[in-house]
Amino acid sequence: MKDYTVSACIVTFNSKKIIERTIQSILDFTKDIHLEFFVVDNASTDGTAEFIRSRFPQVKVIENKENLGFGAAHNKVIPLLTSKYHIVVNPDIILKSNAVSTLCEWADEHEEAGLLSPQIVFDDGRIQQLGKRNPTFRYLASHRFHSGDEPSETMKEYCMLDAPSDRVTEISNATGCFMFFRTEAFRALGGFDERFFMYLEDCDIARRVSESGKYKAYFFPMAEVTHLWERESKRSKKLLIVHIQSIIRYFLKWGIRIW
């Protein structure tokens, strides 16, 4: 087996209650690779940083003095990376298999792969239907206000449910809960656009990968990760405002296309 060099970064904000399971699962299922593990903490007040340092001394903790948001915090590690592959991980992600090694193996054989997005599932194994085409107002509205288990026709289009679900597919959009980058691509793009405090920075960087002319973004269903997904912006008015601001910034950046 190859000696893969991989870095992983989690951005935390008052994540003490959930972070142990996430970190432990990543450590348990990356024993066959060389892993450099970072946590960037956005000024938590619940002792997240202190807990990680005491429980996981092998994890490098970077503490911000203020909440910089998702993308800006992840970008903090770019000057420190020496890996071939870099993983952006949410604090509510759980590994239950050697998904990282599987991603490394395929990326090693496909030099154009700048970003891989694995199959994302709920804790009970159900597949999460996530956008894979560039967002439009119609797609985002359908995704936000949809209820029930059966996706609408618009969601099917946005999530590319018409494409084969058992093979690698080129995509233009990927979820930020787990993003597997070729490190040189992540660095060349300058990481996340820090104008997005939170939300749609994942859509933006995936689009930049797919439109770079050098790299491609792929959906890679042969690797699977679990996302303990909670749609916080649906419950919080403050986060809803942040979400709307990010949508506006995204469409101003890329050109507004309603349909």
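Its first residue numbered 1, the sequence shown is counted upward by one per residue in this note's numbering. Heads up, the beta-carbon is just placed ideally off N, CA and C, and yes, glycines get one too. The model shown is predicted, which means the values in this text are computed figures rather than measured ones.
Nearest to residue i (by Cα), restricted to the options the options
i: Leu-200; options: Val-11, Pro-164 and Pro-135; result: Pro-135
i: Glu-150; options: Val-100, Leu-103, Ile-127 and Val-59; result: Ile-127
i: Phe-261; options: Val-225, Ser-165, Ile-247 and Phe-220; result: The structure shown has nothing for residue 261, since the chain only spans 1 to 259.
i: Ala-217; options: Gly-255, Pro-91, Ser-7 and Glu-170; result: Glu-170
i: Thr-82; options: Trp-229, Thr-183 and Leu-240; result: Thr-183
i: Gly-213; options: Asp-108, Leu-189, Asp-193 and Val-168; result: Leu-189
i: His-110; options: Val-225, Lys-238 and Tyr-215; result: Tyr-215
i: Pro-79; options: Ser-142, Lys-17 and Arg-187; result: Arg-187
i: Lys-96; options: Glu-112, Tyr-139, Leu-27 and Trp-106; result: Leu-27
i: Lys-156; options: Leu-130, Phe-29, Phe-137 and Lys-237; result: Leu-130
i: Phe-137; options: His-243, Ile-19, Lys-2 and Glu-20; result: His-243
i: Arg-133; options: Ile-18, Ala-107, Ser-210 and Glu-50; result: Ser-210
i: Trp-254; options: Ile-205, Val-77 and Ala-49; result: Ile-205
i: Phe-70; options: Glu-153, Glu-194 and Thr-45; result: Glu-194
i: Met-198; options: Ile-62, Asn-67 and Arg-208; result: Asn-67
i: Ser-172; options: Leu-140, Glu-50, Thr-154 and Leu-115; result: Leu-115
i: Val-121; options: Lys-238, Leu-252, Trp-229 and Leu-140; result: Trp-229
i: Glu-50; options: Val-77, Ser-25, Lys-31 and Ile-19; result: Ile-19
i: Ala-107; options: Gln-245, Leu-252, Lys-237 and Phe-219; result: Phe-219
i: Arg-21; options: Leu-140, Leu-161 and Asp-123; result: Asp-123
i: Val-59; options: Ala-163, Val-77, Leu-161 and Leu-252; result: Val-77
i: Tyr-4; options: Ile-87, Ser-25, Ser-44 and Asp-46; result: Ile-87
Residue j beta carbon less than 8 Å from that of residue i
i: Cys-177; j: His-227; result: yes
i: Asn-64; j: Gly-191; result: no
i: Ile-33; j: Ser-117; result: no
i: Leu-35; j: Ala-73; result: no
i: Ile-93; j: Val-225; result: yes
i: Asp-202; j: Ala-223; result: no
i: Cys-104; j: Val-6; result: yes
i: Ser-142; j: Ser-152; result: yes
i: Val-61; j: Arg-55; result: no
Rounded Cβ spacing between residue i and residue j (contact assumed at less than 8 Å)
i: Pro-298; j: Gln-119; result: With the chain running from 1 to 259 in the structure shown, residue 298 is simply not present.
i: Tyr-85; j: Phe-180; result: 6 Å
i: Phe-29; j: Asn-98; result: 5 Å
i: Lys-16; j: Thr-48; result: 5 Å
In chain order, what are the residue ranges of uninterrupted beta strand (DSSP E) at least 3 long that sit wholly in the segment 202 to 255? Given a length threshold of 3 residues, each whole run of the beta strand (DSSP E) inside the segment 202 to 255 is given here in chain order: 216 to 227.
Can you check the segment 89 to 149 for any beta strand (DSSP E) of at least 3 residues that lies completely inside it and give the ranges in chain order? 113 to 121
Does the segment 35 to 47 come close enough to the segment 8 to 22 to have 3 or more Cβ pairs within less than 8 Å? yes
Report the residue ranges of all beta strand (DSSP E) runs contained in full by the segment 15 to 78; include only those spanning at least 3 residues, in chain order. 34 to 42 and 60 to 64
Minimum length 4: unbroken alpha helix (DSSP H) runs contained in the segment 144 to 189: Those alpha helix (DSSP H) runs which fall completely within the segment 144 to 189 and span 4+ residues are 153 to 158 and 183 to 188.
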